[in-house]
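Notes for the one structure printed next.
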Amino acid sequence: MRNSYEAYKNLLTITEKEVDWAYEVWDQLLQDLNNRDNHKRSRAAQFLSNLAISDPEKRMLNDFPALWEVTRDPKFVTARHSLQSIWRVGLAGDEQQELLINHFTYRFTHCVEEKNYTLIRYDIIQGLRNLYDEVKRGEIKQKALDLIATEEDSKYQKKYATVWRNT
Numbered sequence: 000m001r002n003s004y005e006a007y008k009n010l011l012t013i014t015e016k017e018v019d020w021a022y023e024v025w026d027q028l029l030q031d032l033n034n035r036d037n038h039k040r041s042r043a044a045q046f047l048s049n050l051a052i053s054d055p056e057k058r059m060l061n062d063f064p065a066l067w068e069v070t071r072d073p074k075f076v077t078a079r080h081s082l083q084s085i086w087r088v089g090l091a092g093d094e095q096q097e098l099l100i101n102h103f104t105y106r107f108t109h110c111v112e113e114k115n116y117t118l119i120r121y122d123i124i125q126g127l128r129n130l131y132d133e134v135k136r137g138e139i140k141q142k143a144l145d146l147i148a149t150e151e152d153s154k155y156q157k158k159y160a161t162v163w164r165n166t
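When the letters of the sequence shown are read in order and numbered with numbering that gives the first Met the number 0, they come out as residues 0 to 166.
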């Protein structure tokens with residue numbers, strides 16, 4: 000068990016940079032997004048999110064809906080791990096970034112009926128911060144601040160705002 004966890008962590012680290020073998024595993028990871036095992040679904044989502052930067056054919060533009068679906072997984076821990084890593088898709092290019100930000104915005108705005116919606120919102124704001132830290136585009140910061148401003152509960156508005164301190 001320990002070795003497989005170490006391998007998983009190593010793969011996540013390796014795929015933070017561009018690799019030339021993404022398409023050798025892409026289709027299998029895509030299939031694993033629907034695997035009965037929630038751990039496989041979670042890992043597949045995280046790996047695909049990381050591999051988006053290694054996707055010159057822009058397959059992610061077509062495959063994104065399947066990846067996004069895992070952010071709504073029945074197992075909240077699986078959904079959350081997926082949501083926390085999906086921001087990396089935005090590193091792949093302008094089209095992928097726009098797709099991601101549109102999905103983040105829609106979900107933030109419409110997730111109040113979901114269980115744990117405050118955690119979902121927090122993860123979206125954190126994802127936007129992570130993306131901003133990598134690409135330094137002011138419109139990403141502005142989008143996050145605009146979303147935070149829509150939070151009606153001042154406690155959560157303050158919590159989300161802490162993510163954007165020191166920028």
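Even for Gly, the Cβ is constructed at its ideal location relative to N, Cα and C.
Q | CB-CB length for I52 against E17, believed under 8 Å | A | Residue 52 sits at position 53 when you count from the first residue of the sequence shown. Residue 17 sits at position 18 when you count from the first residue of the sequence shown. With a Cβ gap of about 5 Å, I52 and E17 count as contacting.
Q. How do the region 38–49 and the region 66–81 stand: do at least 3 beta-carbon pairs fall below 8 Å, yes or no?
A. yes
Q) Roughly how many angstroms separate the alpha carbons of V111 and V69, rounded to a whole number? A) On the sequence shown, residue 111 is found 112 positions in, with the first residue counted as 1. On the sequence shown, residue 69 is found 70 positions in, with the first residue counted as 1. Approximately 18 Å, taken between the alpha carbons.
Q.
Please report the distance separating the alpha-carbon of W67 from that of E150.
A. Within the sequence shown, numbered from 1, the residue matching residue 67 stands at position 68. Within the sequence shown, numbered from 1, the residue matching residue 150 stands at position 151. Computed Cα separation, rounded: 23 Å.
Q | Close Cβ partners of Y173 (< 7 Å) along its chain, the five nearest in sequence each way excluded | A | Residue 173 is absent from the model: the chain starts at 0 and stops at 166.
Q | Within-7 Å CB hit, I52 to chain B | A | As a matter of chain content, chain B is missing from the structure shown, which is built from one protein chain.
**Q.** With 16 other Cβ atoms within 10 Å as the buried cut-off, status of S167
**A.** With the chain represented from 0 up to 166, any question about residue 167 goes unanswered, as that position is not in the structure.
(Q) Just to check my reading of the structure: G89 and L130 have Cβ atoms closer than 8 Å, yes? What is that Cβ distance to the nearest angstrom? (A) Numbered from 1 along the sequence shown, position 90 holds the residue referred to as residue 89. Numbered from 1 along the sequence shown, position 131 holds the residue referred to as residue 130. At roughly 5 Å, the Cβ-Cβ gap stays under 8 Å, so G89 and L130 are in contact.
Q) Cα-Cα, which of K140, G92, L118, I85 is closest to D54? A) Here residue 54 refers to the residue found at position 55 of the sequence shown. Closest option to D54, Cα to Cα, is G92.
Q. According to DSSP, is W86 helix, strand or coil?
A. Here residue 86 refers to the residue found at position 87 when the sequence shown is read from its first residue. The answer is helix: DSSP assigns W86 an H, G or I state.
Q. How is G137 classed by DSSP in three states: helix, strand or coil?
A. Here the question's residue 137 lines up with position 138 in the sequence shown. Of the three classes helix, strand and coil, the one that applies to G137 here is helix, per DSSP.
Q.
Taking the alpha-carbon of V76 as reference, which of K135, K142, L146, I119 has the nearest alpha-carbon?
A. In the sequence shown, residue 76 corresponds to position 77, counting from 1. Answer by Cα proximity: I119.
Q: Determine the contact status of L127 and A143, defining contact as a CB-CB distance below 7 Å.
A: Counting from 1 along the sequence shown, the entry for residue 127 is found at position 128. Counting from 1 along the sequence shown, the entry for residue 143 is found at position 144. Closer than 7 Å, so yes.
Q) Where are the alpha helix (DSSP H) runs, 4 residues long or more, that stay fully inside the region 61–133, in chain order? A) 75–84, 93–109
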